[in-house]
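Novice: In the working numbering, the protein residues as written are 132 to 347.
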């Protein structure tokens, strides 16, 4: 071995040598693992989605002077959790995305929602208009007979206490002629990891007796 290379190896840690060998041999498993971990961390930090404008103004589009602002939403979140933990507030089309720097505050906001202009606004753990496909080892749990006015955070809490590891919760919307409308049916759909035991068919959620349907 060249003396200079030998000297460099002595200065390198075992971990750095291992990374170098992996690169030279074309084995990127460790790097890929790091990227996956980072992606998972970023996913966990996404607080929620919220149809704030619709919840505050209804289905009609308000004049520009009444549009909600990032500052209003920032202040509303700051009442619930320390403001310095808010990483981002972003509006894309009609959906607001709220980002926190930790999972605990994200779950807290999902439970409580936020108060804006005299109204309680629910938050969702994934886009309520685009729930996406089920991931591996997950199931759908349909929650019925809970009014639209009820906070989804109470559903999240109650179902979690039944042993569900929730991946997402969204409100089902009416579909007409194959097209999804913005009209909600009242049903909630919970995306959960496969259950160890079944959730009771009749489940008390707050002051309401909900009906629960799921397979698996």
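Glycine included, C-beta positions come from ideal geometry on N, C-alpha and C.
(1) Would you decide whether residue 162 is buried or exposed? Buried here means 16 or more other CB atoms lie within 10 Å of its CB.
(2) Just to confirm, is the Cβ distance from residue 275 to residue 320 under 7 Å?
(3) Straight-line CA distance for residue 253 to residue 226?
(4) Is residue 314 buried or exposed, if buried means 16 or more other CB atoms sit within 10 Å of its CB?
(5) When you compare each of 301, 299, 316 to residue 307 by their alpha carbons, which one comes out closest?
(6) Quick one, which of 250, 224, 256, 330 has its alpha-carbon nearest residue 235's?
(7) Rounded to the nearest angstrom, what separates residue 251 and residue 222 at their Cα positions?
(8) Within 10 Å of its beta-carbon, does residue 224 have 16 or more other beta-carbons around it, so buried, or fewer, so exposed?
(9) If we call anything under 7 Å between Cβ atoms a contact, is residue 230 one with residue 218?
(10) In whole angstroms, what separates the C-alpha of residue 240 from that of residue 211?
Specialist: From the atom records:
(1) Here residue 162 refers to the residue found at position 31 when the chain shown is read from its first residue. With a pLDDT of 36 at residue 162, under the threshold of 50, the modelled position of that residue is not reliable, and the figure given next carries that caveat. That one is exposed.
(2) The sequence position of residue 275 within the chain shown is 144, counting from 1. The sequence position of residue 320 within the chain shown is 189, counting from 1. No; because the gap between Cβ atoms is not below 7 Å, this pair is not in contact.
(3) Counting from 1 along the chain shown, the entry for residue 253 is found at position 122. Counting from 1 along the chain shown, the entry for residue 226 is found at position 95. Answer to the nearest angstrom: the Cα atoms are 13 Å apart.
(4) Within the chain shown, numbered from 1, the residue matching residue 314 stands at position 183. By the 10 Å Cβ count, residue 314 comes out exposed.
(5) For the purposes of this step, residue 307 is taken as residue 176 along the chain shown, with counting starting at 1. Cα-wise, what sits closest to residue 307 is 316.
(6) In the chain shown, counting from the first residue as 1, residue 235 sits at position 104. Measuring from the Cα of residue 235, the nearest candidate turns out to be 256.
(7) By 1-based counting over the chain shown, the position of residue 251 is 120. By 1-based counting over the chain shown, the position of residue 222 is 91. A straight line joining the alpha-carbon of residue 251 with that of residue 222 spans about 19 Å.
(8) For the purposes of this step, residue 224 is taken as the residue at position 93 of the chain shown. With fewer than 16 Cβ atoms within 10 Å of its Cβ, residue 224 is classed as exposed.
(9) One-based indexing of the chain shown puts residue 230 at position 99. One-based indexing of the chain shown puts residue 218 at position 87. Yes. Within cutoff.
(10) Taking the first residue of the chain shown as position 1, residue 240 is located at position 109. Taking the first residue of the chain shown as position 1, residue 211 is located at position 80. Their Cα atoms are separated by approximately 7 Å.
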